[in-house]
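Input: a single structure, listed below in structure tokens.
Protein chains in written order, with my numbering: chain A, 94 to 325; chain B, 94 to 325.
Below you can see the structure in the form of structure tokens.
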């Protein structure tokens, strides 16, 4: 972030993320948006940049993984003649990587990242993807697993994965990694209480090979071995 | 890396990565290993740490995604009574994120990361996973797509994905992002020349919704929209 902010005239982002960016230079204008207004935020940032400003759009995690980069490139395509701008995307540590590192290496082998939000895709597609992920025995990191308006969907997702995996399958829940209120919890597919999961939680569901153990300090570790014996 | 190196007495890693770590403190011992010796490297590092040394294992990208974290946690489990050590894993930017950021946001929606190496898993499992990924219409980032000993496997993988996606499907090839020799290329499933891909290349194959366009500067962008209309 620090190097990206050098030369910036404007910061654009979800309000709390602007705070986290930790930039206290009063010469930089701040433009705080609501979390839902991604397209408007992207257009606003591109408009400012087209006026010659040096705009930094702040995103959490990796902006290219369920982050702001997609909205910006979408707007760039839709109004490309309006936007004579140079866009640079700085990759980051996605939330699933941050959660994984806290408990070991659950993403240590083949895995996927799925959003459970059906705001922009039909739930039938989400179910088809979950079913395929179950068949393929992929570790899965679920983004946007629940919200106040969607409580039943995580339960349904875990049911689908549970057709292919035992109740003992390790599950890792992680929220706000590296921030105030960080929380990480290791549980199982059978014991997960979906009501403890909110929109900011990443839910990592292990494959059939994902393992849990305790070290000599009684610290719990979760990892997916590099080897997979299955040739079924 | 800089903060992780504070207080280190020993660096352990693949030789070229130790160079890239850019640490020129002569008081820190360097232990360079061959790229293939992951388990030996992990045991060596844990042994040193159990002797009271402050050991940093250097890995490229995110150590938790096809990196050294898995090997270390595996060894920690297998010989846990021998290793009275505190392990901390620092997450990083995985290669797929770094490649994606160079061209836009191809991983902007649901995606998976698969290794095509069959050193530790049967090829039949890899084919089963590719088939499922095709059915699920997931963007896929292929790690370890080819080596001198494995030339036909990428061709076979693209054949499987090609059953579910048009020849015009965007494909991004990226190597050595942020290092000397960085190379990024945008092509299509139909036109990809597999002989140009080596072990260090990340191959991102788009889904049926992934788009390519050029901006007013004729720069090519690739992204996967946040919306997916398919409810088939």
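Where is the CB? At the ideal position from N, CA and C, for every residue including glycine.
Spatial distance of residue 127 of chain B from residue 150 of chain A (CA atoms): Between residue 127 of chain B and residue 150 of chain A, the C-alpha separation is close to 40 Å.
Sequence ranges, beta strand (DSSP E) only - wholly within the region 209-253 of chain B, length at least 3: Taking 3 residues as the shortest admissible run, the region 209-253 of chain B contains the following complete beta strand (DSSP E) segments, listed from N- to C-terminal end: 232-236.
State the Cα-Cα distance for the pair residue 211 of chain B and residue 246 of chain B, rounded to the nearest angstrom. Cα to Cα, the separation comes out at about 9 Å.
Cross-chain neighbours of residue 316 of chain B in chain A, by beta carbon under 7 Å: Chain A residues near residue 316 of chain B: 163, 166 and 167.
Is it true that the region 150-167 of chain A meets the region 191-206 of chain B, where meeting means three or more beta-carbon pairs spaced less than 8 Å apart? Taking 8 Å as the limit for Cβ pairs, the verdict is that the region 191-206 of chain B does touch the region 150-167 of chain A.
Going by DSSP, what residue range makes up the alpha helix (DSSP H) through residue 267 of chain B? Taken as a continuous stretch (DSSP letters only), residue 267 of chain B belongs to no alpha helix (DSSP H), being part of the beta strand (DSSP E) at 263-268.
Using only alpha-carbon positions, find the residue among A:303, A:286, A:263 and A:180 that is nearest to residue 136 of chain A. Checked all of A:303, A:286, A:263 and A:180; the closest Cα to residue 136 of chain A is A:180.
Any C-beta of chain A under 8 Å from that of residue 177 of chain B: Taking Cβ atoms only, chain A reaches closer than 8 Å to residue 177 of chain B, which makes this a yes.
Give me, in chain order, the residues of the same chain whose beta-carbon lies closer than 8 Å to that of residue 146 of chain A; leave out the 5 immediate sequence neighbours on both sides. If we look at residue 146 of chain A and ignore the five residues flanking it on each side, its Cβ neighbours are 102 and 103.
Which value, in whole angstroms, describes the spacing of the CA atoms of residue 242 of chain A and residue 282 of chain A? Answer to the nearest angstrom: the Cα atoms are 23 Å apart.
Start and end residues, beta strand (DSSP E) containing residue 140 of chain B: Looking at the DSSP string, residue 140 of chain B is not in any beta strand (DSSP E); the run it does join, the alpha helix (DSSP H), is 131-143.
Same chain, Cβ closer than 7 Å to residue 224 of chain A, neighbours up to 5 away in sequence not counted: Once the five neighbours on either side are set aside, the close Cβ partners of residue 224 of chain A are 253.
According to DSSP, residues forming a beta bridge with residue 285 of chain A: Partner(s): none; residue 285 of chain A has no beta bridge.
Hey, does residue 170 of chain A have any beta-carbon neighbour from chain B nearer than 8 Å? Residue 170 of chain A counts as touching chain B.
So if I threshold CB-CB distances at 9 Å, which residues from the region 249-270 of chain A count as touching chain B? Here the close residues are 270.
What is the residue span of the alpha helix (DSSP H) that residue 195 of chain B lies within? Per DSSP, the continuous alpha helix (DSSP H) segment holding residue 195 of chain B begins and ends at 188-196.
Are the C-beta atoms of residue 235 of chain B and some chain A residue less than 8 Å apart? Residue 235 of chain B does not count as touching chain A.
Could you tell me the distance, in whole angstroms, from the CA atom of residue 285 of chain B to the CA atom of residue 277 of chain B? Looking at the two C-alpha atoms, the distance is approximately 13 Å.
Chain B residues whose Cβ lies nearer than 9 Å to that of residue 321 of chain A: Listed along chain B, the residues sitting closer than 9 Å to residue 321 of chain A by beta-carbon distance are 213, 214, 215 and 218.
Listed by chain order, chain A residues near residue 221 of chain B by CB distance under 7 Å: Ordered by position in chain A, the residues that pass the 7 Å Cβ test against residue 221 of chain B are 229.
With a cut-off of 8 Å, do at least 3 Cβ pairs link the region 288-303 of chain A to the region 261-277 of chain A? Output reads yes: the region 261-277 of chain A touches the region 288-303 of chain A.
Say whether chain A places a C-beta atom closer than 8 Å to the C-beta of residue 200 of chain B. At least one chain A Cβ lies under 8 Å of residue 200 of chain B.
If we cut at 8 Å on Cβ distances, does residue 184 of chain A have a partner in chain B? Interface residue, yes.
If I measure Cβ to Cβ from residue 143 of chain B and keep anything under 7 Å in the same chain, skipping five residues before and after, which residues do I get? These residues qualify, in order along the chain: 175, 176, 177 and 178.
Cβ-based burial, residue 195 of chain A [other Cβ within 10 Å; buried from 16]: By the neighbour-count definition (other C-beta atoms within 10 Å, threshold 16), residue 195 of chain A is a buried residue.
Tell me which residues share the same chain as residue 164 of chain B and place their Cβ nearer than 8 Å to its Cβ, disregarding the 5 neighbours each side in the sequence. So the qualifying residues of the chain are 131, 132, 134 and 135.
Suppose the cutoff is 8 Å on Cβ atoms and the five residues either side in sequence are ignored; what does the same chain contact list for residue 260 of chain A look like? Around residue 260 of chain A: 281, 282, 283 and 284.
Below-8 Å beta-carbon distance, residue 207 of chain B vs any chain A residue: Interface residue, yes.
For residue 174 of chain A, return the contacting residues in chain B, with the cut-off set at a CB-CB distance below 7 Å. For residue 174 of chain A, the neighbours in chain B by C-beta distance under 7 Å run, in chain order, 309.
Identify, in the order they occur along the chain, each residue of the same chain with its Cβ nearer than 8 Å to the Cβ of residue 307 of chain B, setting aside the five sequence neighbours on each side. Closer than 8 Å at the Cβ level, and outside the excluded window around residue 307 of chain B, lie 313 and 314.
Considering only residues of the same chain and omitting the five flanking positions on each side of residue 186 of chain B, which have a CB-CB separation below 8 Å? Only 154 and 155 meet the Cβ criterion.
Unbroken alpha helix (DSSP H) run spanning residue 315 of chain B, endpoints: Segment 313-316 is the beta strand (DSSP E) holding residue 315 of chain B; no alpha helix (DSSP H) there.
Buried or exposed: residue 99 of chain A, going by 16 or more other Cβ atoms within 10 Å of its Cβ? Burial is judged here by how many other beta carbons sit within 10 angstroms of a residue's own beta carbon; residue 99 of chain A has fewer than 16 and is exposed.
Would you mind telling me which residues of chain A sit closer than 7 Å to residue 291 of chain B, beta carbon to beta carbon, in chain order? The contact set of residue 291 of chain B on chain A, defined by CB atoms closer than 7 Å, is empty, because the minimum CB distance reaches about 20 Å.
Going by C-alpha to C-alpha distance, which of B:160, B:216 and B:233 sits closest to residue 249 of chain B? With respect to the C-alpha of residue 249 of chain B, the residue from B:160, B:216 and B:233 having the closest C-alpha is B:216.
At the 8 Å Cβ level, is residue 137 of chain B part of the contact set with chain A, yes or no? No, residue 137 of chain B does not count as interfacial toward chain A.
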